[in-house]
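From first to last, the protein sequence lines are chains A and B.
Taking the working numbering, I'd label the letters of the first sequence as residues 22 to 198.
Taking the working numbering, I'd label the letters of the second sequence as residues 1326 to 1430.
Note that CB positions come from ideal geometry on N, CA and C, so glycine has one too.
Below is one structure, written out as C-alpha cells, with a few remarks after it.
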Amino acid sequence: MSENQKKILEMLANKKISVDEAYRLLSALKSEAPAPPDSTAGPQTTAKPKAKYLHVHVHGRGRKDDEHDQHDEDAEDDEEDDEDDDEDDDEDDDEDDERAEVVNIRVPVSLIRSGMKFSSLLPAEARDKVTSALSEKGVNLDMRNMKPEDVEELIAALGDLEVNVVSDKEVVRVFAE
Amino acid sequence: MKRPPVLMRLRIREKERGFGLWLPLFLLLPLLLLLLIVLSPLIVIAIVILRRRRRLDRLSPTARASIDILCSPRGIRATFGVLCSTPGLHIEVRNNEERVYVSVI
C-alpha cells in the first residue's frame, strides 16, 4: 500500500472525506500508478493533451450549463459597445431570476506555473505563514520543499483534475482543459 | 513564445450603473517600464541608506520581499514571467444586480 493510499484511508477514517470521495481518489491514484515494466511497451503513444486552462465554475443549482457556456462565449467574443452588452445581461437575468451568485474563473496553467516559480522568491517568514495556513485547511503542502520538478508534476496532473460538488444551493465545478 | 498581455477588458455593473473599459496594456506597460527605469536610481539610493542605517532588517517581510523582487534579476524575470502568463485569464463574478468581469487578452 502506497503512502497516498494510506493517507486517503486515514482521511476516510477521520471522516474528513466521504466514501465516494475516497473511492474517486483511490481510482485516480490507481490510474496514475505507473504501468508494470513491459519490454514490449514502447514510448507512450496515447499522451493526453496538456491542459491549458484551469476552470472554476460556481453557480446556482438547476441552472443549465448550456446557458452558462453560451454566456461565456458572449462575454469573450462580444466586442460590441457596453450598452448592447448590458441589454444582453438583462435578458440573462430575466431568464434566471432565482439565480445565485455566479463565479466563473479561467486561469491559464502557465500562470499557475509562473506563480509557483514566483513563490520561491517569497521570504521564509511568508512561506512559513502560507504553509501553516494551508495545513490549517488540511492541505499538507510544504512550500519550502517544492522543487521545479514537483511543480511540473503538479501541473501535469491538473489535466486529469475534475471536481464536481453538488449541494442544495450551489454547484461547483473545477476542471482543466 | 511568451508575450506580455495586450489588452485588459474590465466591466463593472452595479444595479443600473456600470462601465466598461478596454485597457490598452501594450501602451501602458512601456510607460510603466519607463517609470521603473526612472525610479530605479532612487530605489537603489533608498536601499543603500536603509542598509547603512541598518533599518532594512526592521522592514516588514512584505517590504523586504518587494525590494528583493524589484532589485534582483531573478525577481524581475519572475515578475515578467507572471505578467506574460496572464493572457487568457478570465474572471467573472455576478449576481442579479452586480457584475464584475475582468479578461486579459
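With distance defined between alpha-carbon atoms, name the residue in A/71, A/129, A/135, A/81 nearest to residue 1402 of chain B. Position 77 of the second sequence, counting from 1, holds the residue named residue 1402 of chain B. The option with the nearest alpha carbon to residue 1402 of chain B is A/135.
Could you say if the region 1403-1416 of chain B and the region 135-148 of chain A meet the contact criterion of at least three C-beta pairs nearer than 8 Å? yes
Report yes if the CB atom of residue 126 of chain A is closer than 8 Å to the CB atom of residue 77 of chain A, and no otherwise. Locating residue 126 of chain A in the first sequence gives position 105, counting from the first residue. Locating residue 77 of chain A in the first sequence gives position 56, counting from the first residue. Contact: yes.
Residue 112 of chain A burial status per 10 Å Cβ neighbour count (16 or more: buried): Locating residue 112 of chain A in the first sequence gives position 91, counting from the first residue. The pLDDT assigned to residue 112 of chain A is 45, lower than 50, so where the model puts this residue is not dependable; a value taken from the coordinates is nonetheless given after this. Residue 112 of chain A is exposed by the Cβ-count criterion.
Item checked: Listed by chain order, chain A residues near residue 1407 of chain B by CB distance under 8 Å -> Taking the second sequence and counting its residues from 1, the one referred to as residue 1407 of chain B is at position 82. The answer, in chain order, is 132, 135, 136, 139.
Residues of its chain near residue 195 of chain A, where Cβ-Cβ distance is below 6 Å and the 5 sequence neighbours each way are ignored: As a working mapping, residue 195 of chain A is identified with position 174 in the first sequence. Taken in chain order, the residues that qualify are 77, 184.
Point to revise | N- and C-terminal bounds of the beta strand (DSSP E) containing residue 1361 of chain B | key: Counted from its first residue, the second sequence places residue 1361 of chain B at position 36. It is not in any beta strand (DSSP E) - residue 1361 of chain B instead sits in the alpha helix (DSSP H) that spans 1350-1377.
Worksheet item: The beta strand (DSSP E) with residue 123 of chain A in it runs from where to where?
Response: The residue labelled residue 123 of chain A in the question sits at position 102 within the first sequence. Looking at the DSSP string, the run of the beta strand (DSSP E) that includes residue 123 of chain A is 123-129.
- Taking residue 1350 of chain B as the reference, which of B/1333, B/1360, B/1383, B/1376 has the closest Cα? One-based indexing of the second sequence puts residue 1350 of chain B at position 25. Comparing Cα-Cα distances from residue 1350 of chain B to each of B/1333, B/1360, B/1383, B/1376, the minimum goes to B/1333.
**Report entry** Buried versus exposed call for residue 1367 of chain B [16 or more other C-beta atoms within 10 Å across all chains shown]
**Finding:** For the purposes of this step, residue 1367 of chain B is taken as residue 42 along the second sequence, with counting starting at 1. It is exposed - the Cβ of residue 1367 of chain B has fewer than 16 other Cβ atoms within 10 Å.
Using the three-state DSSP reduction, which class does residue 87 of chain A fall into: helix, strand or coil?
Walking along the first sequence from the start, residue 87 of chain A turns up at place 66. Reliability of the predicted coordinates at residue 87 of chain A is poor, the pLDDT of 46 falling under 50, and the value obtained from them is presented with this limitation in mind. The answer is helix: DSSP assigns residue 87 of chain A an H, G or I state.
Discussion item. Please classify residue 1417 of chain B as buried or exposed, where buried requires at least 16 neighbouring CB atoms within 10 angstroms.
Written reply: By 1-based counting over the second sequence, the position of residue 1417 of chain B is 92. Residue 1417 of chain B is buried by the Cβ-count criterion.
Would you list, in chain order, the members of the region 143-155 of chain A that have their beta-carbon closer than 7 Å to a beta-carbon of chain B?
143, 144, 146, 147
| message | Could you check whether residue 1427 of chain B and residue 1330 of chain B sit closer than 8 Å to each other, using their CB atoms as the reference points? | response | Residue mapping note: residue 1330 of chain B aligns to position 5 of the second sequence, counting from 1. Residue mapping note: residue 1427 of chain B aligns to position 102 of the second sequence, counting from 1. Contact: no.
Item to complete: At 8 Å on the CB atoms, spell out the chain A contacts of residue 1390 of chain B, in chain order.
Response: Translated into positions along the second sequence, residue 1390 of chain B becomes position 65. Near residue 1390 of chain B (Cβ distances below 8 Å), the residues of chain A are 142, 143, 144, 147.
Discussion item. Against chain A, does residue 1435 of chain B count as a neighbour if the rule is that its beta carbon must be under 8 Å from one of theirs?
Written reply: What is shown of chain B runs 1326 to 1430, which leaves residue 1435 of chain B out entirely.
Practice item. Under the assumption that residue 174 of chain A contacts residue 74 of chain A (Cβ atoms under 8 Å), give the Cβ distance between them as a whole number of angstroms. Key: What you label residue 174 of chain A is simply residue 153 of the first sequence in a count that begins at 1. What you label residue 74 of chain A is simply residue 53 of the first sequence in a count that begins at 1. With a Cβ gap of about 19 Å, residue 174 of chain A and residue 74 of chain A do not count as contacting.
Quick one, which residues of the region 1347-1365 of chain B are near chain A if we go by CB-CB under 7 Å, in chain order? none
**Request:** Within the same chain, show all residues whose beta-carbon is closer than 8 Å to that of residue 1394 of chain B, passing over the 5 residues directly before and after it, in chain order.
**Result:** On the second sequence, position 69 is the one that residue 1394 of chain B refers to. If we look at residue 1394 of chain B and ignore the five residues flanking it on each side, its Cβ neighbours are 1400, 1401, 1403, 1404.
Legend entry - Neighbour flag for residue 1331 of chain B against chain A, beta carbons, 8 Å: Here residue 1331 of chain B is taken as the residue at index 6 of the second sequence, counted from 1. Taking Cβ atoms only, chain A never reaches closer than 8 Å to residue 1331 of chain B, which makes this a no.
Margin query: Judging by CA-CA distance, which residue of A/178, A/161, A/190 is the nearest neighbour of residue 29 of chain A?
Written below: Within the first sequence, numbered from 1, the residue matching residue 29 of chain A stands at position 8. With distances taken between Cα atoms, residue 29 of chain A lies closest to A/161.
Are there 16 or more other CB atoms within 10 angstroms of the CB of residue 143 of chain A, so buried, or fewer, so exposed? Numbered from its first residue, the first sequence carries residue 143 of chain A at position 122. It counts as buried.
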